[in-house]
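If you read the sequences in order, they're chains A, B, C, D, E and F.
To get the working numbering, take the position in the first sequence, counting from 1, and add 391.
To get the working numbering, take the position in the second sequence, counting from 1, and add 391.
To get the working numbering, take the position in the third sequence, counting from 1, and add 391.
To get the working numbering, take the position in the fourth sequence, counting from 1, and add 391.
To get the working numbering, take the position in the fifth sequence, counting from 1, and add 391.
To get the working numbering, take the position in the sixth sequence, counting from 1, and add 391.
C-beta: ideal position from N, C-alpha, C; glycine also.
See below for the structure under consideration.
There are 6 protein chains.
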Amino acid sequence: MTNFNQPVDAALVPRFAGHSTFMRLPAVESPGGLDVALIGVPFDGGTTNRAGARHGPREIRNQSSLMRRVHHATGAAPYDTLQVADLGDCPVNPIDLRDALAKIEAFFAEVVAAGALPLSAGGDHLITLPILRAVGKRAPVGLIHFDAHSDTNDTYFGDNPFTHGSPFRRAIEEGVLDPKRMVQIGLRGSLYTSDDHGWAQAQGIRQIYIEEFARRGVDDVMDEALAIAGDAATYISFDIDSLDPSMAIGTGTPEIGGFTTREAQFMLRRLGAVNIVGADVVEVAPPFDPSGLTALTGATMMFELLCAIAAGRAAARQEALA
Amino acid sequence: MTNFNQPVDAALVPRFAGHSTFMRLPAVESPGGLDVALIGVPFDGGTTNRAGARHGPREIRNQSSLMRRVHHATGAAPYDTLQVADLGDCPVNPIDLRDALAKIEAFFAEVVAAGALPLSAGGDHLITLPILRAVGKRAPVGLIHFDAHSDTNDTYFGDNPFTHGSPFRRAIEEGVLDPKRMVQIGLRGSLYTSDDHGWAQAQGIRQIYIEEFARRGVDDVMDEALAIAGDAATYISFDIDSLDPSMAIGTGTPEIGGFTTREAQFMLRRLGAVNIVGADVVEVAPPFDPSGLTALTGATMMFELLCAIAAGRAAARQEALA
Amino acid sequence: MTNFNQPVDAALVPRFAGHSTFMRLPAVESPGGLDVALIGVPFDGGTTNRAGARHGPREIRNQSSLMRRVHHATGAAPYDTLQVADLGDCPVNPIDLRDALAKIEAFFAEVVAAGALPLSAGGDHLITLPILRAVGKRAPVGLIHFDAHSDTNDTYFGDNPFTHGSPFRRAIEEGVLDPKRMVQIGLRGSLYTSDDHGWAQAQGIRQIYIEEFARRGVDDVMDEALAIAGDAATYISFDIDSLDPSMAIGTGTPEIGGFTTREAQFMLRRLGAVNIVGADVVEVAPPFDPSGLTALTGATMMFELLCAIAAGRAAARQEALA
Amino acid sequence: MTNFNQPVDAALVPRFAGHSTFMRLPAVESPGGLDVALIGVPFDGGTTNRAGARHGPREIRNQSSLMRRVHHATGAAPYDTLQVADLGDCPVNPIDLRDALAKIEAFFAEVVAAGALPLSAGGDHLITLPILRAVGKRAPVGLIHFDAHSDTNDTYFGDNPFTHGSPFRRAIEEGVLDPKRMVQIGLRGSLYTSDDHGWAQAQGIRQIYIEEFARRGVDDVMDEALAIAGDAATYISFDIDSLDPSMAIGTGTPEIGGFTTREAQFMLRRLGAVNIVGADVVEVAPPFDPSGLTALTGATMMFELLCAIAAGRAAARQEALA
Amino acid sequence: MTNFNQPVDAALVPRFAGHSTFMRLPAVESPGGLDVALIGVPFDGGTTNRAGARHGPREIRNQSSLMRRVHHATGAAPYDTLQVADLGDCPVNPIDLRDALAKIEAFFAEVVAAGALPLSAGGDHLITLPILRAVGKRAPVGLIHFDAHSDTNDTYFGDNPFTHGSPFRRAIEEGVLDPKRMVQIGLRGSLYTSDDHGWAQAQGIRQIYIEEFARRGVDDVMDEALAIAGDAATYISFDIDSLDPSMAIGTGTPEIGGFTTREAQFMLRRLGAVNIVGADVVEVAPPFDPSGLTALTGATMMFELLCAIAAGRAAARQEALA
Amino acid sequence: MTNFNQPVDAALVPRFAGHSTFMRLPAVESPGGLDVALIGVPFDGGTTNRAGARHGPREIRNQSSLMRRVHHATGAAPYDTLQVADLGDCPVNPIDLRDALAKIEAFFAEVVAAGALPLSAGGDHLITLPILRAVGKRAPVGLIHFDAHSDTNDTYFGDNPFTHGSPFRRAIEEGVLDPKRMVQIGLRGSLYTSDDHGWAQAQGIRQIYIEEFARRGVDDVMDEALAIAGDAATYISFDIDSLDPSMAIGTGTPEIGGFTTREAQFMLRRLGAVNIVGADVVEVAPPFDPSGLTALTGATMMFELLCAIAAGRAAARQEALA
């Protein structure tokens, strides 16, 4: 028997029964004692087009009932070595963007202070900004960023600096994100101007368009991404719109021609080699997801991330012992 | 300040945030200390046509986030006088009907033993049979039954006695339900034979077809229903297919020409005068409910029933004091 | 035991199993020997806005699996006294409107010649024109017509005389429909000009708008309708858009504010007093019917019509005996 | 021939063809010369639960292609006497609520200054606040308000004063709305506290719950509403959630038991007697409207309002001549 | 002219018209004289999560109207050399799992006895157990099994041995399936324990995970699969959830990262070299398939299987002649 | 600043706001002065199975709001060098196929006469016939044709020569299309007879099945296609059903196993080397597209085509200068 929290077993309690929590883990009220805190951030106030990601955490929780305990390909068994729980939804404010940013940052600061690694379900991509403020407070973190969009634009609708199209620009400006240890994979979709990515590239962000990815393949791209991230603290942000919309239509700004889920899974499985200090899956917007596939995919990506985190911790332990 | 559980306030925490429980009340593990236990029964193994009610409790919980605290028309404020909580989902077995019946009966027997009144969300209508076995164990209960169908058929697919078309026949045969204190309101839809309802009527069940209801109106019909139920222990069963399918298409056996929700609400508000020992809302089948309206309606009917229960308890207290 | 065709019994074979025919009756290849022929007319080439009624017969067949044998309110048991079968789909041509009209007329002429009463599922409302050519060939028939629209316009898109907005004008001009014995019930929706209905009224058609219906009620309106139809041969045409679109959104030209299904059912139950020579339910367009309710409603209206036909035949027999 | 703008004729250009504008009227860039300006306000930043009304104007435009020229029941022919056009969408800001309020007010101030009556499609109900600031700037206006909710709450999520639950409280506080000439019809749904409506009633707002409406009927209620509004300048606000959700599920906060569309249409047809200075239809949220019915209903209610405005203007002209 | 049954030609009768049968072939009542019997098995009583596959046969029939006569890539023309027909739906029992298993086995035993090869549409995967009992009665058969899941679990919800997660374990235990001639392709998805597949592998089943498939490719994998099956009697079972859920979301237990349909088609086209004694396509669950794609895919896979069977028979005939 | 029309900027006006035009470009009434005219052709009267493409232009316009200005991979910036506008919808006739063909031809003849290159959104594939009559009037054009189907059948439903299955046969017979400079890519799906493509191949059309495409890859196939088209005037026709239905289920005749959008985009990006005189994207049928992905994909393919046209023009200019 284990002392770690275990998911409710679907061979005993059917997947459709019981309270809906991330991975069917216990719901807890405090991050104390957790290795990994699964957190919902139901906020989409930074969305410039189709809102709906506020409903993401609830549906991702529902669909995560399909996850089991052990990774079939990597063998990772996160609940054998990590204390994981559903920490519930972070406080938000659907009416006041700046208040929401403050609430999210404060909540994640507590999680970080408690020593728990936050693995979050958005919410739109703006939520990553206050999370980075929390995890990158002491020192700027690196970032492996899967997305159709760079999200390094400056302002929208006049001079509004905070949208889901700008979180990484703000995080770099604020010094919580290190652009030199940042890689964006899967970029595509038409641009506002031919210089849309000029600022990002000038900061040293490595941008890998979907065309380059298609040419080089998963392993070559991930070799480079791991090298960029290096050994230092790194955050992982997985925008569901990095996937092809045939696999993730429930999102605010779909762009055709994206990753297959198989490609994405193979990439995430390489992250066991990364010093992960936090991760998120964002932009799942259930109102645009008639089949529920997008939320299922989001839940599965969370499980892949959890397994990568477990693998990384196991490797670190082994290294420490050696 | 009150000692009673209170729903999470939607003016503080948005309805789409936080764990999804019935009425946003606390989730508890035991019925001890509860006046009313809100219970999910995710079982549809008695369904003869379109399964899906197994998913009912989860979606009813989600939609119940739209409920607030006080009834706008009756003024009932159930959380001012009753201890109410979400007791979670009753154990079930999607593969073995008889095991499921046993599990449900056992669970409800505990609830009854603890002194809590069970207010349940199905599940198909077969779940009412094991619930009646629990609440009617000591003495047969009366029943006010809203439904398009009598559910007093005998057997299906050979000699199978347990389906969602037969629970009340079984309950009467088993002596846990008193047909003389039983009324069915809203019956309609074509029949297998002209004698489909012969057995029921021979037992003394009062059947009010939708045509009679349309002619007499809510108050006249409910006057009669209350008289039939009398002062003794009575169960309330609300099959969502009693409603017109324009208001509740997410169900296994829809029949056009049903109650409007307004009519149904007006009927349920009369139930404060009844000695309610348990109630349920059944046959909400989310896979057939693309807009979610059926689950919202189910949640609202649960709130109406809860307010009726609160009103009845308040009246009983006053009577006791007088 | 009866010699008449019987529907497959849903207590033996579940509704979702077996070949899908109207009312789960046998499929036959010829109208010979039938009292009532249930016929699909999968043609929507006359549709001016949203096509899709070509898919109506298939989905109405599927949903008709929910019908049973005996009418709960009138007691009609059509399969006790009538030989009824599914005669399949009439030949059509989705590419050539005039060829389709010819094919439909020829098919129904055979049905009429065989002595079978055709009860059809459309298809758009243009299909009623070739059917009327068949049933009204010897003498113009009367018409009780439930619809949001008069369908007596002249031409569309230039000088096209054949659309689903013009069948009754053509039928009157061709002498197969008697406007003096014709009543339209449920008309509503904005008009092209204030004189849209001038031609119809000049022919003597009685038009009962939804407002007049709402004021007078089912029985008063139907008393008048029956008087207009009189004892002579009368056709019944039920456009599903006569219903409120909350009950029938799967149609090409929905208009809010229509009949409830309860109102429509109560009207159809009065038709036992009419000398019915044919009937149809048209404009069910499944691609616009995400919940399937419109097709279910169409199937139920066909059953109501079948019961009315059975009642009328029974009454005629009694009269003949008396 | 007329000098007034005319809708594109659906008997010439099919409803699915051509650019999508309100009522198929010309799109114009300036309110100059218009009697009535049809305006979209694609803003839902005040929504506390399910966002999506930002997509309302586009879908209402699409569905308004089903409207024709003349009212079938009242005979109103608005395009015979009024210059009406689609003025496009008001500038908004999905990221900054206060900037959006300012932009909306400025836009409507120009419309009012140009002498055009604004008839708007929301957007959530918060948009009515800046519109009232524009139309009520010189003197507070009266209000006939159809809604499930009073929308006179104070603050949400802390001290946020501007949400779709508070516009009328703010408008009264700001002196642009006269609570003594204000009536709310259709209120229902559970309350936060038993005193939710205390402030509103203390201001003198007349609140007619759905129960009172059901008891008294359309005409009696509207007699009172017209008396409350009197002869002075009055605004009409129609929240689509006043309707039963079977007819309008595509909205952020549905409440069962609402108006039928037939009831609502009959009420709106009484408004020809009101001195209307502006009107809106709000809270149509297409992402929650799988069948499109809610947008169709919204478009039809706009047409009803336009006909009432035309009738009122005609009556005023006659009175002036007399 | 041919003596073999031919599908209704879609260039004569539109695909949406006519009775809905598999491949638009004649419906027959007996397997006598058939080379291949197309059979629906509308049973999902073994489903542990989302039921709905009971509706699979009906929708697969509908979508199979899109199939034509000749395979575009292999040139197979099954209706030139095989007598094929729609044998209808096998008797089932939605309420009693063991009765259903008995009924299915008995039905398929008759088919086998008549010398017809059964090609079936499920139903959930438990249906393959009674089919294997029929086809493997005389001698255990081999199996080429496409699936995301091994379906060799032992018991669920206590000690229930019969679910859609356990058919192959039972079939091996019963001696109707030869694990040494069994290969599973496409396995993936998280596991209950790291030993989930231990029993299967201990029996000698060859398991090819999706990762191995992705690495080796269609031809290499199928070379091995054909070698495993050898020349002896082999059954083919195609679980629709072997496909990526972007192509088959209408299923009970979707797992991302599956086969593309192109990959699956290329695999099935290799099966002409196999001695096929029966085949099925299972787990198509229409209630979870809003676009209908899953049923279309199921129908196409049935056609691919039929073409492979035809190719195999042709090869066998040639061999016999040589 | 540029003199060319520019799309409305989504960083100023949200994508959901404003009138819906192709690419958010200005709507114009005449092709005069345009380099490229974006045109809707809302006609699906040639559809043999599921109609609905008549609604294609409207939804493609809506989804094209997601396009921006510059191609991320090729760097093409069409609005820097081309005058592009939305010319609205071509006149059609949903009731009279031949009248529709005449209207479409006449409209496109004017566009061609004005010197504008037509880039169209269908409608079903029959619309390409009248467009080819206009663009191929002076000399037969070449064709690069992406499709699951050859669309070179002869007649349907008797002797009807004009359907969406026959446009290219008619165009070749009429001498407006040169079969020697015609290539079809992506063909698949079962055939009516083994000789379905005999006529096409006899004319010299090069047919590349999906299997050949899968084997050779994008670049090899496109090298050949460009060689076939050569330097002379060439039309591009992109049937959305060339794509895999997981990416484009909203179409009349889906066939599994098609192109990924990534493959299709990579092919279209090679077309800058072609002398394009017109192009279309056809068969987007929104009623069968619950998620809207098909229309989004159609809009993106139009943008890819526009970028290819811009690249081709730029290359031609450079060549002229050199």
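Between the Cα of residue i and those of the options, spot the shortest distance and give me the residue it belongs to.
i: Met658 of chain E; options: E:Arg524, E:Gly409, E:Asp477, E:Asp614; result: E:Asp614
i: Asp545 of chain B; options: B:Gly527, B:Arg560, B:Ala539, B:Arg445; result: B:Arg560
i: Phe718 of chain E; options: C:Ala402, C:Glu450, C:Thr412; result: No information on residue 718 of chain E is available, as it lies outside the stretch 392 to 713 that chain E covers here.
i: Ala500 of chain D; options: D:Val399, D:Val609, D:Pro422; result: D:Pro422
i: Ile596 of chain F; options: F:Ala507, F:Thr543, F:Gly424; result: F:Thr543
i: Gln709 of chain D; options: D:Phe395, D:Gly663, D:Asp680; result: D:Gly663
i: Arg415 of chain F; options: F:Ala690, F:Gln656, F:Leu712, F:Pro645; result: F:Ala690
i: His516 of chain B; options: B:Ala464, B:Arg445, B:Glu565; result: B:Arg445
i: Val419 of chain E; options: E:Arg524, E:Ala620, E:Leu478; result: E:Leu478
What does residue i pair with, by DSSP beta-bridge criteria?
i: Asn551 of chain B; result: B:Tyr547
i: Val573 of chain E; result: Here the sequence assigns Met to residue 573 of chain E, which means Val is not the residue at that position. Beta-bridge pairing links Met573 of chain E to E:Leu534.
i: Gly423 of chain C; result: None; Gly423 of chain C has no bridge partner.
i: Val432 of chain A; result: A:Gly513
i: Gly370 of chain F; result: There is no way to answer for residue 370 of chain F, as the model of chain F reaches only from 392 to 713.
i: Ala467 of chain B; result: According to DSSP, Ala467 of chain B bridges with nothing at all.
I'd like to check one pair, residue j with residue i: are the Cβ atoms closer than 8 Å?
i: Ile627 of chain B; j: Asp635 of chain B; result: no
i: Ala676 of chain A; j: Gly443 of chain A; result: yes
i: Pro521 of chain A; j: Ala428 of chain A; result: no
i: Phe553 of chain B; j: Val483 of chain B; result: no
i: Arg452 of chain B; j: Phe679 of chain B; result: no
i: Asp630 of chain C; j: Val673 of chain C; result: yes
i: Val532 of chain B; j: Asp569 of chain B; result: yes
i: Pro681 of chain C; j: Pro681 of chain B; result: yes
i: Ile599 of chain C; j: Val612 of chain C; result: yes
Rounded to whole angstroms, what's the CA-CA distance from residue i to residue j? Just pull it up for me.
i: Met573 of chain D; j: Val567 of chain D; result: 12 Å
i: Ser557 of chain F; j: Trp590 of chain F; result: 12 Å
i: Cys481 of chain A; j: Pro405 of chain A; result: 28 Å
i: Leu617 of chain D; j: Val665 of chain D; result: 7 Å
Tell me whether the stretch 523 to 536 of chain F and the stretch 459 to 476 of chain C touch, counting them as touching only if at least three CB pairs, one residue from each stretch, are closer than 8 Å. no
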